[in-house]
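A.B. asks:
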Amino acid sequence: MIRMLLPGHVKKSKPELGSSSYAFSEGADMKSKRRAIFLAASVFVFSAFCITLAQNRPINNGDGPATEGVGLIRNDPGTFGGYTLISPLQSTSTFLIDMTGRVVKTWATDSTPSSIAYLLESGNLLRAGLAPNPPFGPTAGGGGKMQEFNWNGELVWDFAYGTATATQHHDFTRLPNGNILMLVKEKKTAAEAIAAGRIPSSVEGTEVQPDSVVEIKPVGNTGGEVVWEWHLWDHLIQDIDREKANYGDVAAHPERVDINYNVTPRQRANPDWTHFNAIDYNADLDQVLVSLRNFSEIWIIDHSTTSKEAAGRTGGRRGKGGDVLYRWGNPRVYRAGTAQDQRLFGQHNAHWIPKGLAGAGHILIFNNGDTRPASMYSTIEEIVFPADSNGRYPLGPDKKFGPDRPVWTYSAPNPTDFYSVNISGAQRLPNGNTLICAGAPGIVFEIRKK
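Taking our numbering, I'd label the letters of the sequence shown as residues -9 to 440.
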């Protein structure tokens, strides 16, 4: 099986490793298709597998022992054996490594990744890359193109998606029908933002970059057809200008997005308002999960809508159009809680645990811990979202979406020993272990409960 590690996240791939650990160069973003999760709320976990990669020396090529803290550190019995796919953030190559940390396959590409690469069942590599002269500049997670390489390293699909007003970025997910759901960042001028109810002083001399989700049907070797789309900008609410159509009570409408949330002095000069950084799809529910780093939230939206319905508030299996069905992590965003209620802090790699794995159907999140009160440290959170039999998510009596807390959390025995300020991810493995990538310090490790 293959586990996939990307520039700093651990995300989708088929697993076959166990309790072990790698270390990568600083800023290695890794995602793995082999995902692992923990079931108990309070369990003792330990690392049995570990690898490190140093800056500009991403992998041990197998010609000798790892040096300078690079390569396999530990590999105990009980690990889930297999291969790990690694796409370092500052490298134009993607690597497949074995349990000793040796490279068994390399894909050479023409660009660094936007964040993600996945190994498909066919053996092909699907990745998002940084396009030349990106229209949004060298932003975090910036991309602009999708590429597919076959096992022999031949480029079989090279699709550009980047204009002056919209560009692919960060993550994507491949649907069962072969289509691709991409995260897309858009540009709105200060005038457009003010017309939508943004506080004028918050956009002086700048712009706003909201996110959207676009579904592409690959066509030929370089083409793609947009077959579905959802735009955050269609679901705004504000309470500062009664003359505007989207004026309303923010607290009474958690399904909509307050255009004036996160308008702090720190954020005003930064047009990157929401910063989506992960996307996943649940075929049984026909729903899409996205992660918003700058809101410290995850959202679920309905994919059963048409694009027209996705722009409104009705339609689809849940009857709510493209409004937010569920959100979790920071209820202050929709004015239903206080700082004490916040659970996520700059998180990455939120995804549903796949069928057949421990905790299937739960959501697994790398909670980076950036801006966490008191001290900054990272955790892995597993949550069970309170959906009813129809895939709807009722609010609790306190007007917040549940759950109150995760069903399982991993942190280091000394919490501050485990911290990645950005990127990073986690994945449940078939043997019940969890594969974790701390992307900023460049460490990948597998843990199991004892």
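Virtual Cβ for every residue (Gly too), placed ideally from N, Cα, C.
Taking 7 Å as the limit between beta carbons, can you name the residues of its chain near T90, skipping five residues before and five after?
C.D. replies: The residue you call residue 90 lines up with position 100 of the sequence shown. If we look at T90 and ignore the five residues flanking it on each side, its Cβ neighbours are L62.
A.B. asks: Opposite E197 in the DSSP bridges: which residues?
C.D. replies: Translated into positions along the sequence shown, residue 197 becomes position 207. Per DSSP, T179.
A.B. asks: Is it buried or exposed for M(-6), if we count other Cβ within 10 angstroms and need 16 for buried?
C.D. replies: Within the sequence shown, the letter at position 4 stands for residue -6. In this predicted model, M(-6) has a pLDDT of only 48, less than 50, meaning its place in the structure is not dependable enough to derive any value.
A.B. asks: Starting from the Cα of I443, find the closest Cα among L115, T99, R418, R303 and give me that residue.
C.D. replies: Because residue 443 is not part of the residues shown, which for the chain are -9 to 440, the question remains open.
A.B. asks: In chain order, what residues of the same chain lie with their CB nearer than 7 Å to the CB of V198, ignoring the 5 residues before and after it?
C.D. replies: For the purposes of this step, residue 198 is taken as the residue at position 208 of the sequence shown. Once the five neighbours on either side are set aside, the close Cβ partners of V198 are K178, A183, R188, P261, W263.
A.B. asks: Given a threshold of 16 other Cβ atoms within 10 Å of its Cβ, counted over all protein chains shown, does R395 qualify as buried or as exposed?
C.D. replies: Locating residue 395 in the sequence shown gives position 405, where the first residue counts as 1. By the neighbour-count rule (16 or more Cβ atoms within 10 Å), R395 is not buried but exposed.
A.B. asks: Hey, R325 and V240 are a contact pair by Cβ (cut 8 Å); roughly how many whole angstroms apart?
C.D. replies: On the sequence shown, position 335 is the one that residue 325 refers to. On the sequence shown, position 250 is the one that residue 240 refers to. R325 to V240, Cβ: 5 Å. Contact.
A.B. asks: Mind the definition here: the region 140 to 148 touches the region 165 to 174 only if three or more C-beta pairs lie below 8 Å; say whether that holds.
C.D. replies: The answer is no - the region 165 to 174 does not touch the region 140 to 148, with fewer than three Cβ pairs under 8 Å.
A.B. asks: From D88, S112, Q80, pick the residue whose C-alpha is nearest to that of A98; which is it?
C.D. replies: Within the sequence shown, numbered from 1, the residue matching residue 98 stands at position 108. Here the closest residue by C-alpha is Q80.
A.B. asks: Whose CA, out of V193, G359, W342, D88, lies closest to the CA of R283?
C.D. replies: Locating residue 283 in the sequence shown gives position 293, where the first residue counts as 1. The shortest Cα separation from R283 among V193, G359, W342, D88 belongs to G359.
A.B. asks: Would you mind sorting I230 into buried or exposed? The rule is 16 or more other CB atoms within 10 Å of its CB.
C.D. replies: Numbered from its first residue, the sequence shown carries residue 230 at position 240. With fewer than 16 other Cβ atoms within 10 Å, it is exposed.
A.B. asks: Enumerate in chain order the residues of its own chain whose CB-to-CB distance from T473 is below 6 Å, with the five nearest sequence positions on each side excluded.
C.D. replies: Since the first residue of the chain shown is -9 and the last is 440, residue 473 is not available in this structure.
A.B. asks: Using only the alpha-carbon positions, how far apart do S192 and V253 sit?
C.D. replies: For this step, residue 192 is matched to residue 202 along the sequence shown. For this step, residue 253 is matched to residue 263 along the sequence shown. Their backbone Cα atoms lie some 6 Å apart in a straight line.
A.B. asks: Just curious, the beta strand (DSSP E) that S297 is in, first and last residue?
C.D. replies: As a first step, residue 297 is located in the sequence shown; it is residue number 307 there, counting from the start. Element bounds for S297: not the beta strand (DSSP E) but the alpha helix (DSSP H), 297 to 300.
A.B. asks: Distance check for E233 and I370, CA to CA, integer angstroms please.
C.D. replies: On the sequence shown, residue 370 is found 380 positions in, with the first residue counted as 1. On the sequence shown, residue 233 is found 243 positions in, with the first residue counted as 1. Cα to Cα, the separation comes out at about 44 Å.
A.B. asks: Give me, in chain order, the residues of the same chain whose beta-carbon lies closer than 6 Å to that of I288; leave out the 5 immediate sequence neighbours on both sides.
C.D. replies: One-based indexing of the sequence shown puts residue 288 at position 298. S281, W318, G319, A340.
A.B. asks: Using DSSP with H/G/I as helix, E/B as strand and the rest coil, what is Y324?
C.D. replies: By 1-based counting over the sequence shown, the position of residue 324 is 334. Looking at Y324 - three-state DSSP - the assignment turns out to be helix.
A.B. asks: Starting from Q332, trace the beta strand (DSSP E) both ways and give me its first and last residue.
C.D. replies: For the purposes of this step, residue 332 is taken as the residue at position 342 of the sequence shown. Element bounds for Q332: n/a, residue is neither H nor E.
A.B. asks: Beta-carbon within less than 7 Å of G351's beta-carbon, same chain only, minus the 5 sequence neighbours each way: which residues are those?
C.D. replies: The count along the sequence shown starts at 1 and reaches residue 351 at position 361. Answer for G351: W342, I343, listed in chain order.
A.B. asks: Out of curiosity, what's the CA-to-CA distance linking Y271 and I41?
C.D. replies: The count along the sequence shown starts at 1 and reaches residue 271 at position 281. The count along the sequence shown starts at 1 and reaches residue 41 at position 51. When rounded, the distance between both Cα atoms is 30 Å.
A.B. asks: Count the other CB atoms, across all protein chains shown, that sit within 10 Å of the CB of K135; report buried if there are 16 or more and exposed otherwise.
C.D. replies: The count along the sequence shown starts at 1 and reaches residue 135 at position 145. It counts as buried.
A.B. asks: Which complete beta strand (DSSP E) runs does the region 357 to 435 hold, if anything under 3 residues is left out?
C.D. replies: Here the runs fully enclosed are 369 to 373, 398 to 400, 415 to 418, 424 to 428.
A.B. asks: Does the distance from the C-beta atom of E219 to that of V203 stay below 8 Å?
C.D. replies: Translated into positions along the sequence shown, residue 219 becomes position 229. Translated into positions along the sequence shown, residue 203 becomes position 213. Yes, they are a contact pair.
A.B. asks: Can you look up V240 in the DSSP assignment and give me helix, strand or coil?
C.D. replies: For the purposes of this step, residue 240 is taken as residue 250 along the sequence shown, with counting starting at 1. Note: V240 maps to helix in three-state DSSP.
A.B. asks: In whole angstroms, what is the alpha-carbon distance linking P431 and L347?
C.D. replies: Counting from 1 along the sequence shown, the entry for residue 431 is found at position 441. Counting from 1 along the sequence shown, the entry for residue 347 is found at position 357. Approximately 28 Å between the Cα atoms of the pair.
A.B. asks: Report the three-state DSSP secondary structure of W97 (helix, strand or coil).
C.D. replies: Residue numbering aside, residue 97 sits at position 107 when the sequence shown is read from its first letter. In this structure, W97 counts as strand in the three-state DSSP scheme.
A.B. asks: Using the Cα positions of G386 and S379, report the straight-line distance between them to the nearest angstrom.
C.D. replies: Working through the sequence shown from its first residue, we reach residue 386 at position 396. Working through the sequence shown from its first residue, we reach residue 379 at position 389. Rounded to whole angstroms, G386 to S379 spans 17 Å at the Cα level.
A.B. asks: What do you get for G415, buried or exposed, if any count of 16 or more other CB atoms within 10 angstroms of its CB means buried?
C.D. replies: For the purposes of this step, residue 415 is taken as the residue at position 425 of the sequence shown. The residue in question, G415, is buried, as its Cβ has 16 or more Cβ neighbours within 10 Å.
A.B. asks: What whole-angstrom Cβ distance do G311 and R322 have, given they're in contact under 8 Å?
C.D. replies: Position 321 of the sequence shown, counting from 1, holds the residue named residue 311. Position 332 of the sequence shown, counting from 1, holds the residue named residue 322. Contact doesn't hold; Cβ gap of about 25 Å is too wide.
A.B. asks: Rounded to whole angstroms, what is the Cα-Cα separation between D100 and N267?
C.D. replies: The residue labelled residue 100 in the question sits at position 110 within the sequence shown. The residue labelled residue 267 in the question sits at position 277 within the sequence shown. Approximately 23 Å, taken between the alpha carbons.
A.B. asks: Can you tell me the Cβ-Cβ gap for K207 and E215, rounded? I've got them flagged as a contact below 8 Å.
C.D. replies: For the purposes of this step, residue 207 is taken as residue 217 along the sequence shown, with counting starting at 1. For the purposes of this step, residue 215 is taken as residue 225 along the sequence shown, with counting starting at 1. Correct: roughly 5 Å between the Cβ atoms.
A.B. asks: Which of helix, strand or coil does DSSP assign to I206?
C.D. replies: The count along the sequence shown starts at 1 and reaches residue 206 at position 216. I206 falls in the strand class under three-state DSSP.
A.B. asks: Between which two residues does the beta strand (DSSP E) harbouring P103 extend?
C.D. replies: In the sequence shown, the residue the question calls residue 103 occupies position 113. Where P103 is concerned, the enclosing beta strand (DSSP E) stretches over 103 to 109.
A.B. asks: Cα-Cα, which of N357, I413, G327 is closest to D388?
C.D. replies: Here residue 388 is taken as the residue at index 398 of the sequence shown, counted from 1. Closest option to D388, Cα to Cα, is G327.
A.B. asks: To the nearest angstrom, how far is it from the Cα of G71 to the Cα of V434?
C.D. replies: For the purposes of this step, residue 71 is taken as the residue at position 81 of the sequence shown. For the purposes of this step, residue 434 is taken as the residue at position 444 of the sequence shown. Rounded to whole angstroms, G71 to V434 spans 15 Å at the Cα level.
A.B. asks: Look up L171 in the DSSP assignment and say whether it is helix, strand or coil.
C.D. replies: Within the sequence shown, the letter at position 181 stands for residue 171. Looking at L171 - three-state DSSP - the assignment turns out to be strand.
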